[in-house]
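In this note's numbering, the protein residues as written are 302 to 683.
Quick reminder that beta carbons are idealized off the backbone N, C-alpha and C, glycines included.
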Amino acid sequence: GQLNGVRGGGRTRIYKEDPENIRQLTQWGSGDRWRNMSRVLLNESEWWSPRQVPNHPIQGMAFVMATTEYRLPNIIMDIAEDIEGRGEYTYVARRISKQKQMLAKDIPVTHAPWYALDPKDPRMIGYDYCTPDYVMGSLLIDPTLPRVSSHLYQEGQDLLEGYPALTSQNRYHGVVFASDVNARVVPQCEGLANGKTYGEQQAVQHKNVLLVQRHAKAKTTGDMRVIWGGKGMRSRLVERNGWFILKEGKAWLGVKGFSRTKLNTACGSTWDNDVILRMNDGKAPVAFVAGRIKDFSDIDAFTKYLQGFAGKLENGRFILTEKSNDFLSLHLESGALPKIYGKPINLNPDMLFDSPFISSKHGSGLVIIEKGYRKLKIDMGF
Numbered sequence: 302g303q304l305n306g307v308r309g310g311g312r313t314r315i316y317k318e319d320p321e322n323i324r325q326l327t328q329w330g331s332g333d334r335w336r337n338m339s340r341v342l343l344n345e346s347e348w349w350s351p352r353q354v355p356n357h358p359i360q361g362m363a364f365v366m367a368t369t370e371y372r373l374p375n376i377i378m379d380i381a382e383d384i385e386g387r388g389e390y391t392y393v394a395r396r397i398s399k400q401k402q403m404l405a406k407d408i409p410v411t412h413a414p415w416y417a418l419d420p421k422d423p424r425m426i427g428y429d430y431c432t433p434d435y436v437m438g439s440l441l442i443d444p445t446l447p448r449v450s451s452h453l454y455q456e457g458q459d460l461l462e463g464y465p466a467l468t469s470q471n472r473y474h475g476v477v478f479a480s481d482v483n484a485r486v487v488p489q490c491e492g493l494a495n496g497k498t499y500g501e502q503q504a505v506q507h508k509n510v511l512l513v514q515r516h517a518k519a520k521t522t523g524d525m526r527v528i529w530g531g532k533g534m535r536s537r538l539v540e541r542n543g544w545f546i547l548k549e550g551k552a553w554l555g556v557k558g559f560s561r562t563k564l565n566t567a568c569g570s571t572w573d574n575d576v577i578l579r580m581n582d583g584k585a586p587v588a589f590v591a592g593r594i595k596d597f598s599d600i601d602a603f604t605k606y607l608q609g610f611a612g613k614l615e616n617g618r619f620i621l622t623e624k625s626n627d628f629l630s631l632h633l634e635s636g637a638l639p640k641i642y643g644k645p646i647n648l649n650p651d652m653l654f655d656s657p658f659i660s661s662k663h664g665s666g667l668v669i670i671e672k673g674y675r676k677l678k679i680d681m682g683f
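What follows is the structure, encoded as structure tokens:
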């Protein structure tokens with residue numbers, strides 16, 4: 302999902318900003334390449350200006366877009382621009398992520414890396430919950446799979462099953478808001494090697510609730526932190542019962558880090574600066590709960606909603622309960638699949654894309670895009 306051209310949802314290879322550069326931390330959306338491209342495609346920005354003159358006439362995204370005959374189909378433009386009309390919905394997509402086992406002698410190249418990705422069992426899901434006021438999204442993975450190399454065949458060794466650097470580096474989850482292109486709140490572990498982390502987090506999400514934790518076997522990964530990446534967010538936070546509560550535009554967000562040893566207890570946190578909130582327990586599970594002003598008219602109403610969520614520890618798991626019922630859970634040592642309502646998540650769904658506006662059954666080659674009376678079918682099965 303996207304708001305104002307800023308893509309929400311989970312991503313990989315989102316590198317850490319300089320913690321000393323507050324401006325950089327709060328200007329993330331303005332530099333989003335997809336947003337900049339969409340503004341040209343949707344006629345929201347002139348494709349040319351003196352500042353965009355490149356050194357060569359075919360360089361520069363805006364020049365390329367302006368000199369082709371490609372135009373977005375009307376239905377795509379309608380979906381992109383009609384934020385209110387899209388309403389609330391869930392978008393789930395299979396994300397090819399897992400490297401399959403492959404014999405070194407079968408690798409068709411000699412250079413590195415070679416990514417033998419497995420489309421039949423990808424082991425990653427992109428999950429977005431989209432509303433006109435915010436998008437909350439995550440990448441759901443199999444935390445039991447190891448991080449693996451995609452270079453070993455150069456030494457005569459076979460490729461192993463697991464997540465290569467391409468799909469394990471700097472995984473990203475969080476919330477973007479409609480109020481401003483730079484308004485976002487994300488869980489982000491500290492990068493200990495030039496801002497890079499590998500296998501950083503595990504997560505589970507259902508609609509407007511996200512639970513994340515630093516992966517037990519993450520590489521070059523430090524403490525769990527929360528990035529409050531919108532201007533002035535820290536000054537607007539209200540803390541109640543361990544929940545940090547933010548009103549952003551027409552949305553609410555509650556964030557709480559939980560203890561791994563005490564029942565329903567906050568782990569505590571410390572501010573690194575005006576943007577970065579560091580959990581006192583770097584491996585604490587952290588819950589994000591979002592809401593809309595139309596459903597919760599004031600902070601008291603939203604706080605009452607948050608009070609329905611609690612944390613408990615059972616069989617090596619942290620379980621976030623809702624109204625005393627098991628809701629979302631993560632294995633604290635990353636030793637089992639996350640669960641929703643007591644059932645392990647499905648990382649191999651039948652649908653490649655699954656939402657009210659775009660759908661495709663895996664392997665069919667047929668993508669259906671629809672909104673209102675419009676329908677566009679794209680057959681890639683030839």
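The beta carbon of Tyr416 sits closer than 8 Å to those of Gln400, Ser451, Pro465 and Leu467, all from its chain and outside the five residues before and after it, given in chain order. By the CB criterion at 9 Å, Gly310 and Leu343 fall outside the cutoff.
Cβ neighbours of Gly463 within its own chain (closer than 8 Å, five residues either side excluded): Lys399, Gln400, Leu446, Pro447, Arg448 and Val449. Beta-bridge analysis with DSSP links Tyr390 to Cys431. In this structure, DSSP gives Glu671 an extended state, which the three-state scheme calls strand. Counting the other CB atoms within 10 Å of its CB gives Leu441 a total of 16 or more, which places it among the buried residues. Using a 10 angstroms sphere on the CB of Trp544, the tally of other CB atoms reaches 16 or more, which defines it as buried. Taking C-alpha positions only, Ala519 is separated from Leu667 by approximately 37 Å. Contact between Tyr428 and Ser439 holds, since their C-beta atoms are separated by about 5 Å, short of 8 Å.
Rounded to whole angstroms, the gap between the alpha carbons of Ala588 and Pro409 is 44 Å. At a cut-off of 4 residues, the continuous stretches assigned as alpha helix (DSSP H) that sit fully inside the region 580-618 are 600-607.
At a Cβ-Cβ threshold of 9 Å, Tyr430 and Ala479 do not count as neighbours.
With respect to the 9 Å criterion, Thr566 and Gly612 are classified as neighbours on the basis of their beta carbons. Counting C-beta atoms within 10 angstroms of its own C-beta, Ile577 has 16 or more neighbours from the protein chains shown and is therefore classed as buried. The alpha-carbon of Met338 is positioned some 22 Å away from that of Ala394. If you draw a straight line from the Cα of Leu629 to the Cα of Val513, it comes to about 10 Å.
The distance from the Cβ of Leu638 to that of Arg561 is about 19 Å, inconsistent with a contact at the 8 Å cut-off. Rounded to whole angstroms, the separation of the alpha carbons of Asp582 and Leu621 is 17 Å. Lys640 places its beta carbon 9 Å or farther from that of Gly386.
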